[in-house]
Structures are given as structure tokens and as C-alpha cells.
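Protein chains: 2
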Amino acid sequence: MPRIPYPELLQTLSRILEGKGFTAARAAECARLFAETTCDGVYSHGVSRFPRFLAMIDNGTVDIRAQPELVTAGAALERWNGRHGPGNLNALASMTRAIELARQYSVGCVALAHTNHWMRGGSYGWQAADAGMIGLCWTNTMPNLPAWGATAAVLGNNPMVIAVPREGGHLVLDMAMSQFSYGALAGYRERGEMLPVDGGFDSSGKLTRDPGAIEESHRALPIGYWKGSGLSLVLDAVAAGLSGGLAAFEIPQDPLREGDLSQLFLALDPSKIGAGMEIVDRMIGALQQTEPALNVRYPGEKILKTRAENLEQGVPVDAALWSELRQL
Amino acid sequence: MPRIPYPELLQTLSRILEGKGFTAARAAECARLFAETTCDGVYSHGVSRFPRFLAMIDNGTVDIRAQPELVTAGAALERWNGRHGPGNLNALASMTRAIELARQYSVGCVALAHTNHWMRGGSYGWQAADAGMIGLCWTNTMPNLPAWGATAAVLGNNPMVIAVPREGGHLVLDMAMSQFSYGALAGYRERGEMLPVDGGFDSSGKLTRDPGAIEESHRALPIGYWKGSGLSLVLDAVAAGLSGGLAAFEIPQDPLREGDLSQLFLALDPSKIGAGMEIVDRMIGALQQTEPALNVRYPGEKILKTRAENLEQGVPVDAALWSELRQL
Numbered sequence: 007m008p009r010i011p012y013p014e015l016l017q018t019l020s021r022i023l024e025g026k027g028f029t030a031a032r033a034a035e036c037a038r039l040f041a042e043t044t045c046d047g048v049y050s051h052g053v054s055r056f057p058r059f060l061a062m063i064d065n066g067t068v069d070i071r072a073q074p075e076l077v078t079a080g081a082a083l084e085r086w087n088g089r090h091g092p093g094n095l096n097a098l099a100s101m102t103r104a105i106e107l108a109r110q111y112s113v114g115c116v117a118l119a120h121t122n123h124w125m126r127g128g129s130y131g132w133q134a135a136d137a138g139m140i141g142l143c144w145t146n147t148m149p150n151l152p153a154w155g156a157t158a159a160v161l162g163n164n165p166m167v168i169a170v171p172r173e174g175g176h177l178v179l180d181m182a183m184s185q186f187s188y189g190a191l192a193g194y195r196e197r198g199e200m201l202p203v204d205g206g207f208d209s210s211g212k213l214t215r216d217p218g219a220i221e222e223s224h225r226a227l228p229i230g231y232w233k234g235s236g237l238s239l240v241l242d243a244v245a246a247g248l249s250g251g252l253a254a255f256e257i258p259q260d261p262l263r264e265g266d267l268s269q270l271f272l273a274l275d276p277s278k279i280g281a282g283m284e285i286v287d288r289m290i291g292a293l294q295q296t297e298p299a300l301n302v303r304y305p306g307e308k309i310l311k312t313r314a315e316n317l318e319q320g321v322p323v324d325a326a327l328w329s330e331l332r333q334l
Numbered sequence: 007m008p009r010i011p012y013p014e015l016l017q018t019l020s021r022i023l024e025g026k027g028f029t030a031a032r033a034a035e036c037a038r039l040f041a042e043t044t045c046d047g048v049y050s051h052g053v054s055r056f057p058r059f060l061a062m063i064d065n066g067t068v069d070i071r072a073q074p075e076l077v078t079a080g081a082a083l084e085r086w087n088g089r090h091g092p093g094n095l096n097a098l099a100s101m102t103r104a105i106e107l108a109r110q111y112s113v114g115c116v117a118l119a120h121t122n123h124w125m126r127g128g129s130y131g132w133q134a135a136d137a138g139m140i141g142l143c144w145t146n147t148m149p150n151l152p153a154w155g156a157t158a159a160v161l162g163n164n165p166m167v168i169a170v171p172r173e174g175g176h177l178v179l180d181m182a183m184s185q186f187s188y189g190a191l192a193g194y195r196e197r198g199e200m201l202p203v204d205g206g207f208d209s210s211g212k213l214t215r216d217p218g219a220i221e222e223s224h225r226a227l228p229i230g231y232w233k234g235s236g237l238s239l240v241l242d243a244v245a246a247g248l249s250g251g252l253a254a255f256e257i258p259q260d261p262l263r264e265g266d267l268s269q270l271f272l273a274l275d276p277s278k279i280g281a282g283m284e285i286v287d288r289m290i291g292a293l294q295q296t297e298p299a300l301n302v303r304y305p306g307e308k309i310l311k312t313r314a315e316n317l318e319q320g321v322p323v324d325a326a327l328w329s330e331l332r333q334l
């Protein structure tokens with residue numbers, strides 16, 4: 007896989023977005039979010055999703071000119087309308103606003119309706135932590151996860167992000183409510199591998215490690231069985247309820263039309279109560295020192311290493327995709 | 007199992023607590039939290055834990071006179087010191103304060119250090135939802151959960167609660183980061199049942215459905231394997247970091263000395279941004295109507311039915327335990 011220098015990758019994506027009609031500033035910001043995601047090693051949600059993002063601009067799901075609009079303000083809590091704008095720019099603006107509110111009230115919360123796929127949720131966790139904030143955010147998705155005990159997908163896999171700022175590298179947890187994404191399932195199938203643990207049900211309703219069987223049944227397993235199912239439901243209820251937007255079951259079950267999402271962004275400012283968060287260093291120390299041979303990692307640790315490597319050696323981008331992007 | 011009329015159960019527990027030196031008001035509140043938990047069918051965290059609670063008063067872990075004290079206030083975010091007071095009373099007071107802050111700022115957050123076991127976390131979710139609030143809270147615990155890939159328990163199973171208010175019955179998710187809480191494992195063991203899915207590793211490192219083997223190894227399985235492991239870590243980091251208290255790895259690994267816990271309580275007031283939360287009814291409708299034969303339940307649904315039944319027919323309490331309590 008070719009390694010593209012980060013500035014070149016960024017500039018290429020930005021140029022394409024300007025060609026689509028983005029202003030220069032918004033093109034640069036949107037391109038940065040895509041490029042950073044791939045640079046950080048989250049290959050499933052970065053540049054590889056760019057062609058689908060362009061297709062969703064072309065089919066009208068994403069309105070490149072729309073910017074989020076304040077609907078109702080109540081001190082530290084605000085409701086915003088994403089107006090079907092680019093999902094990553096809307097999410098960035100929402101976390102920016104939650105951070106502003108947290109600087110004022112110590113806690114800030116933005117509920118965002120009618121937005122699009124935010125791509126990599128972790129981006130907004132890193133954003134909060136870079137600002138010295140604890141950040142929590144989550145999104146609903148199109149229905150792609152059956153409730154525990156059910157066969158039809160009424161729930162979304164609703165990724166959730168929790169970020170904790172730390173001098174030596176932030177803790178950033180970024181996880182969906184399904185044990186494996188459909189992208190991950192396809193990867194295992196293409197490599198001819200079985201999943202390391204059960205990932206869903208086959209069409210006869212048996213738990214299976216066969217990725218192809220789950221792709222066929224569309225019955226992915228929620229993390230923790232009934233627990234992830236319940237968590238998916240309440241995250242959706244909070245995001246859709248507070249934002250006044252749609253819940254997962256109302257969202258088109260089509261990756262190219264998956265719009266009108268509801269999201270929640272929460273920032274907490276530790277400095278306002280004198281919280282230095284030094285404990286986090288001791289926690290990571292305890293984790294790593296107890297069984298050093300096992301190399302237990304904290305969420306976010308691998309990203310720092312990958313980011314440094316990819317900034318130095320270039321960002322790996324699929325050869326065919328890169329060739330396609332250069333010609334746009 | 008004998009069914010004890012709720013008022014009699016409440017009065018008995020309250021009398022015992024007054025005998026231990028609780029004021030009448032605090033005895034009644036503490037007794038209510040224990041009795042309600044059992045009445046709601048959460049048998050693992052109610053009256054059955056009462057003898058251990060008494061033992062922890064006797065051994066000095068729980069200081070019945072201590073009340074939480076404000077350490078630092080920063081608008082909607084406050085740090086409190088639980089001063090080793092009764093865990094359920096401390097948690098109740100903290101969620102009460104978070105709700106007060108949310109009435110003022112729309113969002114309110116209390117970080118509580120140096121507290122004791124809150125018993126049933128769901129109590130404070132119901133409390134928030136009864137006040138019309140969205141409530142989130144979590145606690146750390148003694149180290150009882152190995153990080154994914156490790157064998158020694160450095161993490162806690164850190165129960166997390168998310169509650170969403172709803173006219174026809176609140177959504178209240180109350181879940182530990184282990185696939186089964188230690189309370190649940192004890193329940194399965196006492197009933198002589200195996201777990202429905204793998205719940206942890208036995209002492210030889212094999213995945214097992216035997217609850218007793220997991221109680222012995224202290225190697226419970228995190229929900230979603232690596233995902234629940236990461237979630238446990240970040241919840242602990244937020245609670246310990248913001249409260250200035252201890253992280254799970256620093257807490258005595260002894261159920262009778264498990265004190266100095268760190269907790270987080272967050273309340274959001276939907277009414278402040280005109281959020282009626284009607285969407286939640288539609289979500290539950292969609293869940294139940296898609297496959298009515300499967301009887302898919304939302305988190306909290308079963309509790310309403312059990313509560314009504316136990317209030318009418320009496321609260322089931324183990325015969326030996328009831329006999330013991332009546333003689334105290």
C-alpha cells in the first residue's frame with residue numbers, strides 16, 4: 007500500500023471538496039478530519055469512506071452548505087439542528103460549542119439533530135481532550151443491530167466515545183455497540199479467518215464465529231449480549247429525545263441514505279474543580295506494570311504510535327483509491 | 007420464600023439501623039433504598055446485602071454519622087467528599103445535588119470521592135427519572151476485573167446507570183462492566199444454576215459458565231471483551247480524576263473493606279430545551295411491535311411489573327435472612 011505524505015493527502019482531499027463547492031476553510035477542516043483518521047490508523051473510517059461521502063453529497067443526503075443552527079438554549083444545555091450538513095463538520099462544531107459551554111458552566115452539552123455520519127467518533131473525543139476537557143459523545147445510526155432476543159435490526163450500533171485528557175497521551179475510547187462492525191466482518195471473511203469470539207447469529211439463530219454467516223443473517227451481536235442491546239437503546243433515547251431528532255428505527259436502512267442522525271456531545275472541565283487528573287497516569291502505570299509481559303494497552307495508546315509513524319513515513323492509502331482520488 | 011409486606015420489611019430494616027445509631031430520618035432513607043431494591047426484584051443488591059452492610063458498619067468501613075461534604079464548586083460541576091458515609095445515602099445525596107444543579111444550569115454533575123458501595127446503582131437512575139431528569143451515574147469498585155488480555159484484576163466492574171424519564175415507565179439501564187456482576191454470580195451459584203453464556207475464566211484460564219469458579223478466580227469477563235475492559239478504565243478515570251479520590255486499583259480487594267470508592271452523578275433537564283422525550287414511546291413501540299411474539303423488553307420494564315407484584319403480594323426475602331433480621 008502506498009504511503010502518502012500527510013500534507014499531500016490533506017491537500018488532495020481539500021482540493022476535491024473545494025471542487026464540490028465547499029468554501030476553502032470548510033474544505034480544509036473536513037479534509038483534515040478524514041486525513042487525520044487514516045493517519046491515526048483508524049483506516050475503516052477515514053479516507054476509505056471518502057468516496058461514499060462524495061456520493062452522499064451527489065445524492066443530496068449531505069448538504070455541503072448547511073451549518074448547524076441553534077434551536078433552543080438552556081444555560082449549559084443546547085439543542086442544535088444539523089440541517090443535513092457534513093456530519094464531521096457538524097460534530098466538530100457541536101463539540102466546540104460543548105467545550106465553550108463547559109468553559110462557562112464547567113459542564114456543557116449539545117444535542118444535535120438532523121446531522122449526517124460523523125465518520126470517526128474518536129475525532130471529537132481527541133478534540134475535547136486536546137482542549138483539556140473530559141469529552142463524552144455518541145451517535146445513533148441506521149438500524150443495524152437486533153435487540154437482544156430479536157431477529158430484526160431495530161437498534162443502531164450507536165458508537166460512543168469517552169475521552170480523558172492526559173499529558174502523556176489522552177485516553178480515548180471509541181466503540182460501537184456491536185461486537186464487530188460489518189466492515190470488520192468483511193475483512194475477516196476476505197482473509198478467510200474466523201472471528202476470535204462469537205460475533206453474531208447465523209440464519210438458523212445459532213451464535214457463530216463465521217463472519218460470512220453474520221453478513222448473511224444481518225444479526226450482529228451486541229457487546230455483552232443483553233447489556234449492549236440495552237445500552238444502544240438508552241443512548242439512542244437520550245440523543246434523539248434531547249435533540250428532538252430521529253431515533254435509529256426511523257433512519258433509512260441504506261448506507262448511502264443514512265442521514266438525519268441524532269447525536270449528543272458533552273464536555274466537562276476538570277480544571278474548574280481543581281482536578282489535575284494525575285490519577286490517570288497511576289492507573290495506566292498499574293495496568294502496565296502488573297503484567298508487563300502481556301503489554302496491556304489503554305484506549306488511545308496505539309493511535310499515538312501509529313500517528314507518529316504515519317506522519318513520518320506517509321499515510322497508507324489503498325493504491326486504487328489513491329489513484330482515483332488524484333484524478334478527481 | 008416468605009413474602010414480607012413492604013411496610014413491615016421497611017420498618018424492620020429501619021429499626022435495626024436506628025439500633026446501630028442512625029438518626030430516624032437517615033435510618034428510614036437507608037432502609038427504603040434496601041427495601042425498594044428487593045421490592046423491584048433486584049434481589050442481588052437489596053436486603054440480601056444488608057447483613058454485609060451491618061458488618062461494614064461494625065468493622066468501621068462505613069461511618070454511619072458521616073455526611074458528604076462539598077470540596078470544590080465550579081458552577082454546574084461540584085466535587086464532594088463522601089467521608090466514608092453509608093454508600094446509598096451518599097449516592098442519594100449526590101444525585102439530589104446533581105438534579106438541583108441541573109434545575110439551575112440544565113446540566114448538573116457531582117463527582118464523589120471516599121464513599122462506600124452504593125448497593126443498587128439503578129436507585130439513583132430511578133431517582134433522576136422520577137425528577138424528570140436524564141440521569142447518568144457510575145461507580146468504581148474494588149479490583150475485580152482483569153483488563154482484556156491480563157490475568158490479575160486491576161480494573162473494577164464499575165457499574166454504570168443511564169436513566170431516561172418516561173410517563174409510561176422510565177428506561178433505566180443498570181449494568182456492570184463484567185458480563186455478570188458479582189451479585190449476579192452469587193445468585194446463580196446459590197440457585198445451583200450455570201450462567202447462560204461464558205462469564206469469565208476459571209483459575210486455570212479457561213472460559214467458563216460456572217459462577218463459583220469465577221468468584222474464586224476473580225477473573226470475570228468484561229462485556230464485549232476488549233470493549234468493556236476499555237469502558238471500565240475510562241469510567242474509573244473520570245470518576246477518580248474528577249472526584250480526586252481513589253481508582254479501582256487502589257481500593258482494598260476485600261468485600262468487607264471495599265471502601266473509598268469514587269463515583270460520578272450527572273443529571274440533564276430535558277424540559278430546559280423543550281425536549282418532551284415522546285420519541286422514547288415510539289422507540290419502545292417499534293421494539294415491541296416488530297416481533298411481538300419475542301417479547302423484547304426495554305431496560306426497566308420488568309422492574310415495574312415485579313414492583314407491583316411484590317407490593318401487592320409481599321416482598322420475597324430468604325427465610326433464614328428474615329428470621330435473622332427480625333431478631334436483630
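Protein chains in written order, with the working numbering: chain S, 7 to 334; chain G, 7 to 334.
Backbone N, C-alpha and C define an ideal beta-carbon position, used for all residues, glycine too.
This one's a predicted model, so the numbers in the text were calculated from it and none came from an experiment.
May I ask you to report which of helix, strand or coil DSSP gives residue i?
i, result
"Ala273 of chain G", "strand"
"Phe207 of chain G", "strand"
"Ala159 of chain G", "strand"
"Trp86 of chain S", "strand"
"Ala79 of chain G", "strand"
"Ser184 of chain G", "strand"
"Trp132 of chain S", "helix"
"His51 of chain S", "helix"
"Ile290 of chain G", "helix"
"Met139 of chain G", "coil"
"Ser335 of chain G", "In the structure displayed, chain G extends from 7 to 334; residue 335 of chain G sits before or after that span and is not available."
"Val244 of chain S", "helix"
"Met101 of chain G", "helix"
"Ile279 of chain G", "helix"
"Arg9 of chain G", "strand"
"Thr121 of chain G", "strand"
"Trp154 of chain G", "coil"
"Leu179 of chain G", "strand"
Please list the partners that residue i has in chain S, where partner means a Cβ-to-Cβ separation under 7 Å.
i, result
"Phe255 of chain G", "Met289 and Ala292"
Are the C-beta of residue i and some C-beta of chain S separated by less than 7 Å?
i, result
"Glu199 of chain G", "no"
"Pro276 of chain G", "yes"
"Thr102 of chain G", "no"
"Thr312 of chain G", "no"
"Gly211 of chain G", "no"
"Val160 of chain G", "yes"
"Ile140 of chain G", "yes"
"Val323 of chain G", "no"
Looking at the C-beta of residue i, does it have a partner C-beta in chain G at a distance below 7 Å?
i, result
"Lys308 of chain S", "no"
"Tyr111 of chain S", "yes"
"Thr5 of chain S", "In the structure as shown, chain S begins at 7 and stops at 334. Residue 5 of chain S is therefore absent and cannot be evaluated."
"Cys45 of chain S", "no"
"Gly280 of chain S", "yes"
"Ala119 of chain S", "no"
"Ala153 of chain S", "yes"
"Val286 of chain S", "yes"
Listing by chain order, which chain S residues have their CB less than 8 Å from the CB of residue i?
i, result
"Pro305 of chain G", "Gly236, Leu239 and Val240"
"Ile105 of chain G", "Those do not exist, as Ile105 of chain G stays about 14 Å from chain S at its closest Cβ, beyond 8 Å."
"Arg126 of chain G", "Those do not exist, as Arg126 of chain G stays about 16 Å from chain S at its closest Cβ, beyond 8 Å."
Can you list the residues of chain S that residue i reaches, using a CB-CB cut of under 9 Å?
i, result
"Ala156 of chain G", "Leu293, Thr296, Glu297, Leu300 and Val302"
Against residue i, what residues of chain G qualify as contacts under a CB-to-CB distance less than 7 Å, listed in chain order?
i, result
"Met283 of chain S", "Gly247"
Can you pull the chain G neighbours of residue i, defined as C-beta to C-beta under 8 Å?
i, result
"Cys115 of chain S", "Ser112, Val113 and Leu274"
>> Please identify, using Cβ separations under 7 Å, the residues of the region 213-242 of chain G that lie next to chain S, in order along the chain.
In response: Ile229, Gly230, Tyr231, Lys233, Gly234, Gly236, Leu237, Leu239, Val240 and Asp242
>> Output needed in chain order: residues of the region 164-191 of chain S with a Cβ under 7 Å from some Cβ in chain G.
In response: Ile168, Val170, Leu177, Leu179, Met181 and Gln185
> Looking at chain S, which residues of the region 47-68 of chain G have a Cβ within less than 9 Å of any of its Cβ atoms?
Replying inline: none
> Between the region 240-259 of chain S and the region 213-223 of chain G, are three or more C-beta pairs nearer than 8 Å?
Replying inline: no
>> Taking contact to mean 3 or more Cβ pairs, one atom from each stretch, closer than 8 Å, check whether the region 129-137 of chain S and the region 272-287 of chain G are in contact.
In response: Counting Cβ pairs under 8 Å, fewer than three are found: no touch.
>> If contact is defined by three or more beta carbon pairs under 8 Å, each pair taking one atom from either stretch, is the region 110-125 of chain G in contact with the region 75-85 of chain G?
In response: yes
> If you measure beta-carbon to beta-carbon, which residues of the region 73-101 of chain G are closer than 9 Å to chain S?
Replying inline: Val77, Thr78, Ala79, Gly80, Ala81, Ala82, Leu83, Glu84 and Arg85
> Are the region 16-35 of chain S and the region 320-334 of chain S touching, with three or more C-beta to C-beta distances below 8 Å?
Replying inline: yes
>> I want to know whether the region 161-168 of chain S touches the region 134-148 of chain S - three or more CB-CB distances under 8 Å.
In response: yes
>> If contact is defined by three or more beta carbon pairs under 8 Å, each pair taking one atom from either stretch, is the region 36-50 of chain G in contact with the region 302-315 of chain G?
In response: yes
> Does the region 60-69 of chain G come close enough to the region 84-96 of chain G to have 3 or more Cβ pairs within less than 8 Å?
Replying inline: Of all C-beta pairs linking the region 60-69 of chain G to the region 84-96 of chain G, three or more are shorter than 8 Å, placing the two stretches in contact.
> With a cut-off of 8 Å, do at least 3 Cβ pairs link the region 153-164 of chain S to the region 120-128 of chain S?
Replying inline: Pairwise C-beta distances place the region 153-164 of chain S out of contact with the region 120-128 of chain S, as fewer than three of them are shorter than 8 Å.
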